[in-house]
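Top line first, the protein sequences correspond to chains A and B. Going by the numbering used here, the residue at position 67 of the first sequence is 67; the numbering climbs one at a time, nothing skipped. Going by the numbering used here, the residue at position 106 of the second sequence is 106; the numbering climbs one at a time, nothing skipped. The beta-carbon is built from N, C-alpha and C at its ideal position, and this holds for glycine as well. Please read the structure below before turning to the comments.
There are 2 protein chains.
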Amino acid sequence: MTTGTRWLDSEQQVAWRAYLLGTARLMAKLDDDLRQFGLGINDYEILVRLSEAPDRRLRMAELADRLHQSRSRLTHTVGRLEAAELVRRTSCKSDKRGVWAELTDAGFSLLEQAAPYHVDGVRENLVDLASPEDFAAVGRVFDAVSEHIGQR
Amino acid sequence: MTTGTRWLDSEQQVAWRAYLLGTARLMAKLDDDLRQFGLGINDYEILVRLSEAPDRRLRMAELADRLHQSRSRLTHTVGRLEAAELVRRTSCKSDKRGVWAELTDAGFSLLEQAAPYHVDGVRENLVDLASPEDFAAVGRVFDAVSEHIGQR
DNA sequence: GAGGTGAAGTTCAAATTTCAACCTTCGACC
DNA sequence: GGTCGAAGGTTGAAATTTGAACTTCACCTC
Chain A
1 MTTGTRWLDS EQQVAWRAYL LGTARLMAKL DDDLRQFGLG INDYEILVRL
51 SEAPDRRLRM AELADRLHQS RSRLTHTVGR LEAAELVRRT SCKSDKRGVW
101 AELTDAGFSL LEQAAPYHVD GVRENLVDLA SPEDFAAVGR VFDAVSEHIG
151 QR
Chain B
1 MTTGTRWLDS EQQVAWRAYL LGTARLMAKL DDDLRQFGLG INDYEILVRL
51 SEAPDRRLRM AELADRLHQS RSRLTHTVGR LEAAELVRRT SCKSDKRGVW
101 AELTDAGFSL LEQAAPYHVD GVRENLVDLA SPEDFAAVGR VFDAVSEHIG
151 QR
């Protein structure tokens, strides 16, 4: 008889581990690089999402979903960003339960400073290391992953 | 004049974000699935590395490097695993500064239980969603990332 | 064989994240 | 209107992670 488990074959195994290790190293590197601006990559992503939204603001739940974070975690993080004056909270008129997180001018300009530096890091440590085809494949794969797993 | 920053083009941007979101969702999912065994993916990876090592043991620093974790984090985590009797620490004779982390029988058998389940999760939520070529590309890309960034 | 430098681990405190409990408001239904 | 289940957010405590300081030991050089 055979075992019911389909183990990864050796190439899949190698690729899976490369992904785990590479991701760990990459995130640590990007985090380090952002530290000079007083941000982590998580904070950075929050600011970016806000900067792109209409009126530079987003509802907390919407933001949490886009980043796949718990509402609780986001509450804490936004609390810190607010203390740093990078984000402002305002209550939502149409839904009294709701809260808008809005990027302040200071937040926007910090982002303007950090972004070029951060993008360079993403290029240097990821994008430019891969062929365009390979990088596109990464996009497809993780798009499928997101799609498959769906919301939390 | 042009700006000095090479921004990501729109496809790269999309791929990068897919990677970020997909990774967040994937890790959360794998973590959740392992919780039934009282493990997180981080604990799991530690046990796996130990299980594959000669005598099922590894020096702390070596283990930390393979997982790209700080020594401090590893000390804490192994402390918890030790409290759960899944890992045992022994001191290293040839280098008195050193400490071996060694998988216990209980650790090994928990791993035997968890592994099939975990691998299924990795397949279902990642490997089987991608074509073999695309998944191989993921491996290549993150291998290059690891290589490029190197040790911490 | 005494210093000096650096590696291996741990420790403690601070920062961050998780988890469950808890309001308040919305919406549907009766 | 009144009720009930669920969504949006927050809170506070517990668990985990980070970062810097610290101890012990190894190794190199003079």
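Under 8 Å between C-beta atoms of residue i and residue j
i, j, result
"Leu26/A", "Ile41/B", "no"
"Cys92/A", "Arg49/A", "no"
"Ala136/B", "Glu133/A", "no"
"Ala18/B", "Gly4/A", "no"
"His68/B", "Ala28/A", "yes"
"Asn125/A", "Val14/B", "no"
"Thr23/A", "Phe142/B", "yes"
"Trp100/B", "Arg57/B", "yes"
"Asp210/A", "Tyr117/A", "Look at the range of chain A in this structure, 1 to 152, and you will see that residue 210/A is not part of it."
"Ile46/A", "Leu81/A", "yes"
"Ala114/B", "Tyr44/B", "yes"
"Val119/A", "Trp7/B", "yes"
Listed by chain order, chain A residues near residue i by CB distance under 7 Å
i, result
"Arg123/B", "Arg6"
"Ile46/B", "Under the 7 Å cutoff, chain A gives no residues; its nearest Cβ is about 12 Å from Ile46/B."
"Pro54/B", "Here the premise fails: no neighbours, minimum Cβ distance about 18 Å."
"Leu126/B", "Val145"
Residue span of the alpha helix (DSSP H) that contains residue i, given as start and end
i, result
"Val99/A", "No alpha helix (DSSP H) contains Val99/A, which is instead part of the beta strand (DSSP E) from Val99 to Leu103."
"Ser91/B", "Counting along the chain, Ser91/B falls outside any alpha helix (DSSP H), though it belongs to the beta strand (DSSP E) covering Val87 to Ser91."
"Glu34/A", "Residue 34/A is actually Leu in this sequence, not Glu. Per DSSP, Leu34/A belongs to the alpha helix (DSSP H) from Ser10 to Arg35."
"Leu67/A", "Met60 to Leu67"
"Gly79/A", "Arg71 to Ala83"
"Ser51/B", "Ile41 to Glu52"
Other residues of its chain near residue i: CB distance less than 7 Å, five sequence neighbours each side excluded
i, result
"Leu110/A", "Phe37 and Leu86"
"Ser51/A", "Leu103, Phe108 and Leu111"
"Arg66/B", "Arg49"
"Ala61/A", "Arg71"
"Gln151/A", "Asp65"
"Trp16/A", "Leu8"
Three-way DSSP call (helix, strand, coil) for residue i in this model
i, result
"Leu129/A", "helix"
"Arg6/A", "coil"
Amino acids of chain A, ordered along the chain, whose beta-carbon sits closer than 9 Å to that of residue i
i, result
"Glu11/B", "Pro132, Phe135, Ala136 and Gly139"
"Arg59/B", "The contacting residues do not exist; Arg59/B stays about 18 Å from chain A at best."
Contacts that residue i makes with chain A (C-beta to C-beta distance below 8 Å)
i, result
"Leu21/B", "Arg66, Leu67, His68, Phe142 and Ser146"
"Asp120/B", "Thr5 and Arg6"
Interface partners of residue i on chain B, CB under 8 Å
i, result
"Ala84/A", "Near Ala84/A there are no residues of chain B at all, since even the closest Cβ is about 22 Å away, more than 8 Å."
"Trp16/A", "Val122, Leu126, Val127 and Gly139"
Chain-ordered chain B contacts of residue i [CB-CB under 7 Å]
i, result
"Arg25/A", "His68, Val145, Ser146 and Ile149"
Cβ neighbours of residue i in the same chain (closer than 8 Å, five flanking residues each side left out)
i, result
"Val122/A", "Leu30"
"Arg89/A", "Val78, Glu82, Val99, Trp100, Ala101 and Glu102"
"Leu39/A", "Leu47, Leu110 and Ala114"
Contacts of residue i in chain B (Cβ-Cβ under 9 Å)
i, result
"Leu129/A", "Val141, Ala144, Val145, Glu147 and His148"
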